[in-house]
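> Below is a structure I'd like to ask you about.
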Amino acid sequence: MNKLYIAIIIVAIIMFLVGYLVGGFIPRAPTGLVTVSIPYTYTVSTVKTVTMTTYSPPATTPPVTTPATSPSPTPLTPLPEKIVIGLSVPLTGSQGEVGTAGFKGILAAIKWVNEVYGGVHLFGKTIPLELKYYDDESSKDKVISYTERLITVDKVHFLLSSYSSPLVFAQAPIAEKYNMLLVNWGGASDLIHMQGYKMVVMVWTPASQYMIQAIDALLSANKQPKIVLLYKDDEFNRMVAAGVRNYSKKLGVEIVYDKAYPTDIKDFTPYITLIAPLKADALIVGSHFADGQLLTKQLSDQNVNFAFIAMNIAPCYMDYYKAFGKLAEGIICPSHWEIGASYTPEIATKLGLEWFGPSEDEFIKYYREIVGDPNARPPYHAASGAAAVLVLVKAIEKAQSLDPIKVRQAFNDMRLATFFGEFKIDPATGIQIGHKMILVQWQKGNLVVVWPPEVAKAKLMYPIPTWDQKRAGS
Amino acid sequence: MDLNNIFFIIYQGLVLGSIYGVIAIGLSLIFGITRIINLSHGALIMWGAYTAFTFFTLYNLSPLGSIFIALVVGIGLGAAIFYVILKRLIGAHELTTLLATFALSIFLQELARLRYGLDYRGYNLYMGSINMFGYGASLSALYGGILALVLTTLLTLFLYKTRLGAAIRAVAQDPVGAYVCGIDVNKIYAIGIGLGSAFAMAGGVIATMYSPTGINPYYGEPYLLKSFVIVVLGGLGSVIGAYIGGLIFGLAETTLFPIYDYLNFHSPSSMALFTEFIILLLLLLLRPQGLFKR
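Written out as structure tokens, the structure is:
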């Protein structure tokens, strides 16, 4: 009998491996930028019909022109005393640290809207914002139940998203089910916006665009670079890698090694051993925090050098420098926003964009008040959360309505500049196409903006020193 | 791929395997003596990692030094865990002890979260590199591997060459018989769990010598899973089996990687792990008692 079981298991394994192998050799379309055809039509209130067709790469997306909604002289229903925004956010759990930063940014923006701007301007009145929130503890189950509760029990007017792609992925269908507008400031995966949802609007740059600027920066210093691409095998970083792959192909940049690594990786040495002999110029890594740190450590231990290293998330944090000191020098991190690289009303005017919201200084002031620390430095997650509040306010005013569908529609042709940067969405998917990433690089112990050149505060360091040179102090 | 590359991959596998081995020993030891599957093993590894991190960042103490602190704290902590929680659960239903150690694991993780928060911590440990078959090899990882071997040897000598070690083995074989012979079984249980916890914490310190980054309250979880596989592979309750199981696991992890890389799998590392579990499954079907007896 035992032999029979063994035979069955062996056959099953062989079949699985054959299937996997065959699947692995079939050329796959890059998951990040696949054009999905989801033709659908939905009727907005009783007035207009918006036809949404397909998602195509941002650059070629034709703008959908929507007739401007003229503000009614009087509201159809009595205006509420407060506009209630619902939020389920991870204040604890694995995403707690970053979720809390985003939450504080949201509070800072609401404070600015209520205290400085005077509230949301609707039918000649100003209505203050109120936030109703729950701590979803970084749990998919909780984010689902709290999102439903916010809509059905708390009767909020609009929703801001949770933080992290998996959590936003879990809550988006709930918002969609109730036709509730969800402003996504925390889930960067393009896939969230490729599910055919009509009510989800993204504030920051999607994952597939994270490393685009890194390739541009690399090409500015080396016309024919050879790239090694490593990425964590998760929703977010698969999209990052797909973006790098597509953009490199478009520009004719050679990727000499392209592999994923598991999410709980504890050892990069097998990868490093194989990439060391390739003598590539650049290493681009789709990472989070722990894996980014581990890779840096093991690269330096094994003395495997690159002239250019760009890595997601890990190097953007001060703890990275605390852990590595001089070894962090020259490492690049893509960022959505940094202090000193904010948009200003002048930049908005130059770009022909409408300006809205606090200046960088004002935002930092309010953020510090909320945090209770006069020296607190808001990370980009806080700025993204704040930007979500600001664009929502502007869309409500543009729609002159609290109907989520009308406000969602108002987002379609809204182009706006806040301190966080430009806001413009692809109307069909709600994905962000206006906001651009910046690159920051560790230089002499400081994280400085080096790309794009128009907002750069320092010159890109290329090539970066070798690990031995860094250890020696240069 | 040249010969040097193959030798270097084997070298890496042995170093990593040695570290996996010492990490798994604690789990095997506690099961061997008390028949308790300790789900808080991962949390103890995590506390070992924090011990190395804290003493390095606060007092610039190398993990080679903090490992002794981890061993001492581990023995004390393990004995306390026994007297406070596990003493009344000896002989209880397996589910009861599983739940108790699971709860303990959550408690230890939350304690770490209170003390250190959720941020990933790391420290800049660099002991130098050596040229190994034409590749740069981290000395701290090599020292970690050697230290793991030394600790395993010392534990084996302790168990087989001392009277206390004989008493521990006697209790592991037959607690009632040992009690009749005058052995204080509860004391032996406390020492056994203390030793197991000490090895888990020491394993955490050594793990940071291999990669002193990514330390957070959930640091030990991947190691817990691997430890289970290793102790089952080596034979539940066998110290030497756990160490050799670790070596096999580490070697398989590093040698399967280039094969899957060559076959162009998009995540060779995940496939290597997958294959290891398949090998384990087959091994258990053919030899359910593991490679070594207790």
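Protein chains in written order, with numbering that gives the first Met the number 0: chain A, 0 to 473; chain B, 0 to 293. Yeah, the Cβ is synthetic: ideal placement off N, Cα and C, and Gly gets one too.
Based on the DSSP output, what are the partners of Phe157 (chain A) in its beta bridges?
Its beta-bridge partners are A:Ile84.
> At which residues does the alpha helix (DSSP H) containing Ser164 (chain A) begin and terminate?
Residues 164-176.
> Report yes if the CB atom of His40 (chain B) is closer than 7 Å to the CB atom of Leu26 (chain B), and no otherwise.
Against a cut-off of 7 Å, the Cβ pair of Leu26 (chain B) and His40 (chain B) comes out as a contact.
> Cβ closer than 7 Å: which chain A residues qualify as neighbours of Thr151 (chain B)?
Within chain A, no residue comes near Thr151 (chain B); the closest Cβ sits about 20 Å away, beyond 7 Å.
> Tell me whether the region 10-24 of chain B and the region 145-152 of chain B touch, counting them as touching only if at least three CB pairs, one residue from each stretch, are closer than 8 Å.
Yes, they touch.
> With respect to the alpha helix (DSSP H) encompassing Lys483 (chain A), which residues constitute its N-terminal and C-terminal limits?
Chain A is shown only over 0 to 473; residue 483 (chain A) falls outside these bounds and no answer can be derived.
> Using a Cβ-Cβ cut-off of less than 8 Å, give me the residues of the region 292-305 of chain A that come near chain B, in sequence order.
Cβ contacts with chain B come from Gln292, Leu293, Thr295, Lys296, Gln297, Ser299, Asp300, Gln301, Asn302, Val303.
> Using CA coordinates, which residue listed in A:Ser247, A:Asp232, A:Thr204 is at the minimum distance from Ala216 (chain A)?
Ranking A:Ser247, A:Asp232, A:Thr204 by Cα distance to Ala216 (chain A) puts A:Ser247 first.
> Run down chain B in chain order and give the residues with a C-beta less than 9 Å from the C-beta of Ala471 (chain A).
None at all; the shortest Cβ gap to chain B is about 12 Å.
> Following the continuous beta strand (DSSP E) through Trp441 (chain A), name the residue where it begins and the one where it ends.
Where Trp441 (chain A) is concerned, the enclosing beta strand (DSSP E) stretches over 437-442.
> Identify whether Met210 (chain A) lies in helix, strand or coil by the three-state DSSP scheme.
The answer is coil: DSSP assigns Met210 (chain A) none of H, G, I, E or B.
> I want to see whether chain A comes within less than 7 Å of Leu117 (chain B), judged by CB atoms only; does it?
Yes, Leu117 (chain B) lies at the interface with chain A (some Cβ there is under 7 Å from its Cβ).
> With DSSP as the reference, label Thr33 (chain B) as helix, strand or coil.
If DSSP states are grouped into helix, strand and coil, Thr33 (chain B) belongs with the helices.
> At a cut of 8 Å, does the region 288-300 of chain A reach the region 267-274 of chain A through at least three beta carbon pairs?
The region 288-300 of chain A, when compared against the region 267-274 of chain A, does touch it at the 8 Å Cβ threshold.
> Beta-carbon within less than 7 Å of Ile182 (chain B)'s beta-carbon, same chain only, minus the 5 sequence neighbours each way: which residues are those?
Answer for Ile182 (chain B): Ala166, Ala169, Val170, listed in chain order.
> What residues from the region 71-101 of chain A come within 9 Å of chain B, judged by C-beta to C-beta, listed N to C?
So the list reads Thr91, Gly92, Ser93, Gln94, Gly95, Glu96, given in the order they occur along the chain.
> Going by alpha carbons, who is nearest to Gly219 (chain B) out of B:Leu15, B:Ile35, B:Trp46?
That would be B:Trp46, whose Cα lies nearest to the Cα of Gly219 (chain B).
> Applying the criterion that 16 or more other CB atoms from any shown protein chain within 10 Å of the CB defines a buried residue, is Met317 (chain A) buried or exposed?
So Met317 (chain A) counts as exposed.
> What is the C-beta distance between Ala387 (chain A) and Val182 (chain A), in whole angstroms, given that I count them as a contact (C-beta under 8 Å)?
About 5 Å; that satisfies the 8 Å criterion.
> Which residues, taken in chain order from the region 50-68 of chain B, show a beta carbon closer than 7 Å to some beta carbon of chain A?
Against chain A - using a Cβ distance shorter than 7 Å - the region 50-68 of chain B contributes no residues.
> State yes or no: is the C-beta of Gly202 (chain B) within less than 7 Å of the C-beta of Ile44 (chain B)?
Yes, they are a contact pair.
> Looking only at C-alpha atoms, which of B:Thr254, B:Tyr261, B:Phe157 sits nearest to Asp257 (chain A)?
That would be B:Tyr261, whose Cα lies nearest to the Cα of Asp257 (chain A).
> For the candidate residues A:Gln431, A:Val115, A:Thr99, whose alpha-carbon lies nearest to that of Tyr162 (chain A)?
With distances taken between Cα atoms, Tyr162 (chain A) lies closest to A:Thr99.
> Of the residues A:Leu401, A:Glu253, A:Ala385, A:Ser219, which one's Cα is nearest the Cα of Pro452 (chain A)?
Closest option to Pro452 (chain A), Cα to Cα, is A:Ser219.
> Could you check where the alpha helix (DSSP H) with Ser383 (chain A) kicks off and where it finishes?
Where Ser383 (chain A) is concerned, the enclosing alpha helix (DSSP H) stretches over 379-398.
> Going by DSSP, what residue range makes up the alpha helix (DSSP H) through Tyr178 (chain B)?
174-179 is the span of the alpha helix (DSSP H), which, as asked, contains Tyr178 (chain B).
> Nearest to Met476 (chain A) by alpha carbon, out of A:Thr428, A:Ile274, A:Leu90?
The displayed coordinates of chain A run from 0 to 473. Any statement about residue 476 (chain A) would go beyond what the structure contains.
> According to DSSP, simplified to helix, strand and coil, what is Val454 (chain A)?
In the structure shown, Val454 (chain A) sits in coil (DSSP, three-state: anything other than H, G, I, E or B).
> Contact criterion: CB-CB distance below 7 Å. Does Tyr19 (chain B) meet it with respect to chain A?
Taking Cβ atoms only, chain A never reaches closer than 7 Å to Tyr19 (chain B), which makes this a no.
> Whole alpha helix (DSSP H) runs in the region 257-309 of chain A with 4 or more residues, listed along the chain?
List check, alpha helix (DSSP H) in window: 268-274, 288-300.
> Classify Thr42 (chain A) as helix, strand or coil using the three-state DSSP reduction.
Unreliable placement is indicated for Thr42 (chain A), whose pLDDT of 29 sits below 50; the coordinate value is still reported in the next sentence. The answer is strand: DSSP assigns Thr42 (chain A) an E or B state.
> May I ask you to list the residues that DSSP assigns as paired with Met45 (chain B)?
DSSP output for Met45 (chain B) lists no bridge partner at all.
> Using the C-alpha atoms, what's the distance from Ile258 (chain B) back to Ile274 (chain A)?
In a straight line, the C-alpha of Ile274 (chain A) is about 15 Å away from that of Ile258 (chain B).
> Please classify Tyr122 (chain B): does DSSP put it in a helix, a strand, or coil?
Note: Tyr122 (chain B) maps to coil in three-state DSSP.
> Quick one: does Leu40 (chain B) have its CB under 7 Å from some CB of chain A?
It is worth fixing the name first, because residue 40 (chain B) is His in this sequence and not Leu. For His40 (chain B), the answer is no, since every Cβ of chain A falls outside 7 Å of its Cβ.
> What did DSSP end up calling Glu136 (chain A) once you bin it into helix, strand or coil?
Here Glu136 (chain A) sits in coil by DSSP.
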